[in-house]
Amino acid sequence: MFKLVGAVCIVFATSSYGFQKAKNFRNRTEELRLFQDGLSMLQTEVTYGLTPLPEALRKIGKIVKAPVGDFFQEVFSKLMRGDGNLFTSYWDETLDSFPTALNQEDKEIIRNLGYSLGRSSVSEQKKHIDITLKQLYTAERESKEQCAKNEKMWKYLGFFSGLALVLVLL
């Protein structure tokens, strides 16, 4: 009886791990899409609405789904507290503390945009956002390919590694 319960627990644990790894692939793709949506809105607000950056971040944070909307809201909150730091430091700090499925390359794309926001002319900001959107689109395409290739593998690997472990232990 104890062996059966232990075996079920092992298979459940390894399967859960595999499903979590698979979910991270899907989450990365979704977060890249949400960042593209948010940055497109930011571009519209800054370029055509001539909305000040903090107000644009607040609006976008309310519209874009979590967790990316939370990122924009957090940057807005830090700007409003105003510790006297540059916008870039708030952007970087939020990106570093942001719980995300994005990898380091994705974060670097987003981080690089923070260096130009609020510092350059409207047309320059539009160019920087355009470049970032193209890079995020490429990263999203790569993420979709990785997801298609690896998602099913991690699910099966989790289950079958648990099954193999149970067989070895029995």
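Each residue of the sequence shown is one higher than the last, beginning at 85 in this note's numbering. Idealized CB from N, CA, C, for every residue including glycine.
Query	Result
I'd like to know if the region 161-177 and the region 87-107 are in contact, where contact means that at least 3 CB-CB pairs between them fall below 8 Å.	no
If contact is defined by three or more beta carbon pairs under 8 Å, each pair taking one atom from either stretch, is the region 194-201 in contact with the region 223-242?	no
Curious, which full-length alpha helix (DSSP H) runs of at least 4 residues does the region 94-150 contain?	137-147
Under three-state DSSP, which class holds Arg203?	coil
Reducing DSSP to helix, strand and coil, say where Phe182 ends up.	coil
Leaving out five residues before and five after Lys149 in sequence, what residues of the same chain have Cβ atoms less than 8 Å from its Cβ?	Leu118
Is the separation between the beta-carbon of Leu163 and that of Ile144 shorter than 8 Å?	no
Do Ser190 and Leu141 have their CB atoms nearer than 8 Å?	Before going further, note that residue 190 is Asp rather than Ser in the sequence given. The answer is no: Cβ separation not under 8 Å.
Keeping to the same chain, check which residues put their C-beta closer than 7 Å to that of Phe103; ignore five residues upstream and five downstream.	Lys239 and Gly242
For the alpha helix (DSSP H) that Met164 lies in, which residues bound it at each end?	Val152 to Arg165
Tell me the rounded alpha-carbon separation between Tyr221 and Gln120.	7 Å
If you check the beta carbons only, do Glu192 and Phe109 fall under 8 Å apart?	no
If you reduce the DSSP assignment to three classes, tell me which class Leu247 lands in.	helix
Is the beta carbon of Val159 sitting closer than 8 Å to the one on Val206?	no
Can you find the residues in the same chain that come closer than 7 Å, C-beta to C-beta, to Val152, ignoring five residues on each side of it along the sequence?	Glu115, Leu118, Phe119 and Gly122
For Val95 and Asp167, I'd like the C-alpha separation in whole angstroms.	50 Å
Considering only their Cβ atoms, is the gap separating Leu137 from Leu201 smaller than 8 Å?	yes
Taking Phe182 and Phe155 to be in contact with their CB atoms under 8 Å, please state how far apart those CB atoms are, rounded to whole angstroms.	5 Å
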